[in-house]
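Chemist:
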Ligand SMILES: Cc1ncc(COP(=O)(O)O)c(C=O)c1O
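In my numbering, the protein residues as written are 777 to 1190.
(1) Comparing C-alpha positions only, which one of 974, 957, 960 sits nearest to residue 943?
(2) For a minimum of 4 consecutive residues, which ranges assigned as the alpha helix (DSSP H) are wholly contained in the segment 1102-1190?
(3) In whole angstroms, give me the CA-to-CA distance for residue 819 and residue 830.
(4) Which residues end up in the neighbourhood of ligand 1 when you take C-beta atoms closer than 7 Å to any of its heavy atoms?
(5) For residue 992, which beta-bridge partners are listed by DSSP?
(6) In this structure, does DSSP put residue 883 in helix, strand or coil?
(7) Can you tell me where the alpha helix (DSSP H) holding residue 820 begins and where it ends?
(8) Suppose contacts are defined by Cβ-Cβ distances below 7 Å. Is residue 1107 in contact with residue 1166 by that definition?
(9) Between which two residues does the alpha helix (DSSP H) containing residue 1057 stretch?
(10) On the DSSP bridge assignment, give the partners of residue 1024 in chain order.
(11) Spell out a yes or no on whether the segment 945-965 and the segment 995-1014 are touching, meaning 3 or more CB-CB pairs, one atom from each, closer than 8 Å.
(12) Does DSSP classify residue 1005 as helix, strand or coil?
(13) Can you tell me where the beta strand (DSSP E) holding residue 906 begins and where it ends?
(14) For residue 976, does the three-state DSSP call read helix, strand or coil?
(15) Is it buried or exposed for residue 835, if we count other Cβ within 10 angstroms and need 16 for buried?
(16) Excluding the 5 residues flanking residue 902 on each side, which residues of the same chain have their C-beta closer than 6 Å to its C-beta?
(17) What do you get for residue 1128, buried or exposed, if any count of 16 or more other CB atoms within 10 angstroms of its CB means buried?
(18) Shortest alpha-carbon distance to residue 1033 belongs to which of 950, 971, 889?
(19) In this structure, does DSSP put residue 816 in helix, strand or coil?
(20) How is the beta strand (DSSP E) around residue 966 delimited, first residue to last?
(21) Out of curiosity, what's the CA-to-CA distance linking residue 760 and residue 984?
(22) Assign residue 1044 to buried or exposed, taking buried as 16 or more other Cβ atoms, counted over all protein chains shown, within 10 Å of its Cβ.
(23) Do you know offhand how far residue 1134's Cα is from residue 1114's?
(24) Reducing DSSP to helix, strand and coil, say where residue 948 ends up.
(25) Is it a yes or a no for the segment 837-849 touching the segment 1045-1056, going by three-plus beta-carbon pairs under 8 Å?
(26) Could you check whether the segment 1138-1154 touches the segment 803-810, counting it as contact only if at least three pairs of C-beta atoms, one from each stretch, sit closer than 8 Å?
(27) Return the CA-CA distance between residue 1014 and residue 979, expressed in angstroms with no decimal places.
(28) Would DSSP call residue 801 helix, strand or coil?
(29) Hey, is the segment 915-931 in contact with the segment 883-902, meaning 3+ C-beta pairs nearer than 8 Å?
(30) If you draw a straight line from the C-alpha of residue 1086 to the C-alpha of residue 1155, how long is it?
(31) Between the beta-carbon of residue 890 and the beta-carbon of residue 871, is there less than 7 Å?
(32) Helix or strand or just coil, what does DSSP make of residue 918?
(33) Report the rounded CA-to-CA distance for residue 1157 versus residue 808, giving the unit in angstroms.
(34) Mind checking who residue 923 pairs with in its DSSP beta bridge?
(35) To the nearest angstrom, how far is it from the Cα of residue 1177 to the Cα of residue 1120?
(36) What three-state label does DSSP hand residue 1090 in the structure shown?
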């Protein structure tokens, strides 16, 4: 590719997205457009600073430098207008561990934790695996795209005695970048009823032009309006393709919540991460912006290309108005009869029984895996068979892969 961005063929590199296909799908030779990481090499600054450390060759206990914290604080201030204080920052080896721990800290066994489906499925797991009660307040699908159902949310919170809400901002998988007023309205409801909000903002930087991400922490009229109910989670993971170094940032402005976090993290003895994570993240935030700007252009270009191709050739497809993340939500529900008929007509393990309740789910798998040879995240993963007509496609790859996916899907459905 041109410029700083370099596509890497990651097959046979022990990566989950390409080399772990057969664990989840019927075959290992699919075009991988599922797991939310990128097929691009990280910025040169990250590779250089990690190489320097490896060359140094002493891997004793690491003391994260002030520069790591400052790099994040400056990034957050410069690109999101959020003034984070050093003493509010805590470490977690991933945003997923962080929200699992927070569910344990902020709610008790059997208590209700809310989400808005369709949503990132580890949210559901965090609730179920920790013995909490899952309460779903689904997003509404309107002419303007997906929106929060404020009245339904408030009514549900009260009825179910919800203690914690896990919020996804920007939203994976529907690609919404919540407007300031939308987030504020949701937070006002939570504040009124004493509900803690875990705001997962891992996708905060991947914002399509014309949209603006506003951190939950600063949507109020005054600084700190929601501090007593809010924890924000973010990381350089999505922005710079750094999932493997397992370094994420927990922002807790409130002293009482912070004390709970500190007691918990002391209890499990995880208060910091490995050197590679700190070094990579610091380098990325300090020097990686030009690389990231180029990346954003590629993601936006891939979105526009895929949308135009699908809409031109499959007029009833509904491609989400993509505002943020590199994960595109595409709805093929209008073609479901055809998709089910195709699956029913095919022989083999994935053929669908049109009478079965999950016919749409298996038919979609048949279409993507058997007919198109593509691995995607299925809509049903994000909230059940109601979303069986949808898929989530990863745009953070080379144009050639996007073209291949478009050709195959159009070829199968036209
Ligand atoms: C909303 C959301 N949160 C968290 C993660 C993963 O976080 P981590 O790798 O830091 O555990 C993802 C990855 O897809 C995500 O989409």
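Backbone N, C-alpha and C define an ideal beta-carbon position, used for all residues, glycine too. Keep in mind it's a predicted model, so treat the numbers as computed, not measured.
Modeler: Inspection of the coordinates gives the following:
(1) Taking the first residue of the chain shown as 1, we reach residue 943 at position 167. Of the candidates 974, 957, 960, the one whose C-alpha sits nearest the C-alpha of residue 943 is 974.
(2) 1112-1121, 1135-1141, 1175-1189
(3) The sequence position of residue 819 within the chain shown is 43, counting from 1. The sequence position of residue 830 within the chain shown is 54, counting from 1. Each residue's alpha carbon lies about 17 Å from the other.
(4) 812, 870, 871, 872, 873, 896, 898, 944, 948, 976, 978, 979, 1011, 1013, 1014, 1019, 1024
(5) Taking the first residue of the chain shown as 1, we reach residue 992 at position 216. None; residue 992 has no bridge partner.
(6) Residue mapping note: residue 883 aligns to position 107 of the chain shown, counting from 1. DSSP places residue 883 in coil when its eight states are reduced to three.
(7) Residue mapping note: residue 820 aligns to position 44 of the chain shown, counting from 1. Per DSSP, residue 820 belongs to the alpha helix (DSSP H) from 820-832.
(8) Taking the chain shown and counting its residues from 1, the one referred to as residue 1107 is at position 331. Taking the chain shown and counting its residues from 1, the one referred to as residue 1166 is at position 390. Yes, they are a contact pair.
(9) Working through the chain shown from its first residue, we reach residue 1057 at position 281. Where residue 1057 is concerned, the enclosing alpha helix (DSSP H) stretches over 1051-1063.
(10) Working through the chain shown from its first residue, we reach residue 1024 at position 248. DSSP lists 868, 1011 as partners of residue 1024.
(11) yes
(12) Here the question's residue 1005 lines up with position 229 in the chain shown. Helix.
(13) The residue given as residue 906 occupies position 130 in the chain shown. Taken as a continuous stretch (DSSP letters only), residue 906 belongs to no beta strand (DSSP E), as it is neither H nor E.
(14) As a first step, residue 976 must be located in the chain shown, where it is residue number 200. Here residue 976 sits in strand by DSSP.
(15) For the purposes of this step, residue 835 is taken as residue 59 along the chain shown, with counting starting at 1. So residue 835 counts as exposed.
(16) Along the chain shown, read from residue 1 onward, the residue named residue 902 stands at position 126. For residue 902, where only same-chain residues beyond five positions count, the Cβ hits under 6 Å are 875, 876, 879.
(17) Taking the first residue of the chain shown as 1, we reach residue 1128 at position 352. Note on residue 1128: pLDDT 48, under 50, position unreliable in the model; no value is reported.
(18) Translated into positions along the chain shown, residue 1033 becomes position 257. Out of 950, 971, 889, 971 has the C-alpha closest to the C-alpha of residue 1033.
(19) As a position in the chain shown, residue 816 is number 40, starting the count at 1. Correct three-state label for residue 816: strand.
(20) Start at 1 with the first residue of the chain shown, and residue 966 comes out as number 190. Here residue 966 belongs to no beta strand (DSSP E); instead the alpha helix (DSSP H) covers 956-968.
(21) For the chain, the structure presents residues 777 to 1190; residue 760 sits outside this window and is missing.
(22) If you number the chain shown from 1, residue 1044 lands on position 268. It counts as exposed.
(23) As a first step, residue 1134 is located in the chain shown; it is residue number 358 there, counting from the start. As a first step, residue 1114 is located in the chain shown; it is residue number 338 there, counting from the start. Residue 1134 and residue 1114: Cα-Cα distance of roughly 15 Å.
(24) For the purposes of this step, residue 948 is taken as the residue at position 172 of the chain shown. Coil.
(25) yes
(26) yes
(27) On the chain shown, position 238 is the one that residue 1014 refers to. On the chain shown, position 203 is the one that residue 979 refers to. If you take the alpha carbons of residue 1014 and residue 979, they lie about 6 Å apart.
(28) Here the question's residue 801 lines up with position 25 in the chain shown. It is coil, neither helix nor strand.
(29) yes
(30) Residue numbering aside, residue 1086 sits at position 310 when the chain shown is read from its first letter. Residue numbering aside, residue 1155 sits at position 379 when the chain shown is read from its first letter. Their Cα atoms are separated by approximately 18 Å.
(31) Here residue 890 is taken as the residue at index 114 of the chain shown, counted from 1. Here residue 871 is taken as the residue at index 95 of the chain shown, counted from 1. No, these two residues do not count as a Cβ contact at 7 Å.
(32) As a first step, residue 918 is located in the chain shown; it is residue number 142 there, counting from the start. Correct three-state label for residue 918: strand.
(33) Within the chain shown, numbered from 1, the residue matching residue 1157 stands at position 381. Within the chain shown, numbered from 1, the residue matching residue 808 stands at position 32. Taking the straight line joining both Cα atoms gives about 17 Å.
(34) Here residue 923 refers to the residue found at position 147 of the chain shown. BP columns for residue 923 point to 916.
(35) Your numbering for residue 1177 matches position 401 in the chain shown. Your numbering for residue 1120 matches position 344 in the chain shown. When rounded, the distance between both Cα atoms is 28 Å.
(36) Numbered from 1 along the chain shown, position 314 holds the residue referred to as residue 1090. Reduced to three states, the DSSP call for residue 1090 is coil.
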